[in-house]
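Residue numbers (the working numbering): 278 to 512.
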């Protein structure tokens, strides 16, 4: 029986990840760290396996004891527009995941799984991709048996905030023109947030160990097959 800690449980992928973890018989306890209580149908979500903690993410280290789990799933993420500034975006997408990784490593957590983005690179000319790349590099320096980075394309699913207009239009265009999703454009193919969450849990339970990065196409293949042991594993 495994234990998990989830960050970002109220987000699009995080909500799906939480539901899968609560349904999974291999996980006996799920700890969710959030800014506000998780709601479902207008009421605070309760489940015999769920342990909710409303925390100050600026002081995650004060909640370090909660990271005594097998697997940490980090589904934190925002946009510059929603965050309000580049500094605020950097805090959510880099500083919080890094703080979580440090707390997890200090408590001998075995696996850390985090959502990033396509084209993430410390050398990216774009601020968004550069921040994500920096986050990946810093998280990867922490001592885990397995560090798994997921780089999904545009996410399909209903967001609590009603969605992002530009992203929604892009998804409509790309899903409506599947013949465009070939060659270099294939990596832009939208993916369901539910499939990203499913793939994350499959990888955690498979425990491949080491550092692995999963492209959007690879994430989709894992979710479809229900198994990550497929040809072409990305190291």
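C-beta atoms are modelled at their ideal positions from N, C-alpha and C, and glycine is treated no differently.
When DSSP states are grouped into helix, strand and coil, residue 322 belongs to the coil group. Between the stretch 336-345 and the stretch 369-389 there are three or more inter-stretch CB-CB distances shorter than 8 Å, so the stretches are counted as touching. Annotated three-state conformation of residue 496 is helix, per DSSP. Residue nearest to residue 384 within the set 361, 341, 315 is 341 (criterion: CA-CA distance). A Cβ-Cβ separation of about 26 Å leaves residue 423 out of contact with residue 329 under the 8 Å criterion. Going by beta carbons, residue 370 and residue 409 fall inside the 8 Å limit. If only uninterrupted beta strand (DSSP E) runs of at least 3 residues are considered, those enclosed by the stretch 331-366 are 348-351.
A Cβ-Cβ distance of about 15 Å is found for the pair residue 420 and residue 346, leaving them out of contact under the 8 Å criterion. By alpha-carbon distance to residue 321, the top candidate from 395, 351, 286, 468 is 286. In this chain, residue 285 is not harboured by any beta strand (DSSP E), its DSSP state being neither H nor E.
Taking a cut-off of 8 Å on C-beta distances, the stretch 474-482 touches the stretch 295-304, as three or more cross pairs fall below it. For residue 386, there is no enclosing alpha helix (DSSP H), as DSSP gives it neither H nor E. Contact check for residue 406 against residue 398 passes: the beta carbons are separated by less than 8 Å. For residue 305, there is no enclosing alpha helix (DSSP H); the residue is part of the beta strand (DSSP E) that begins and ends at 304-311.
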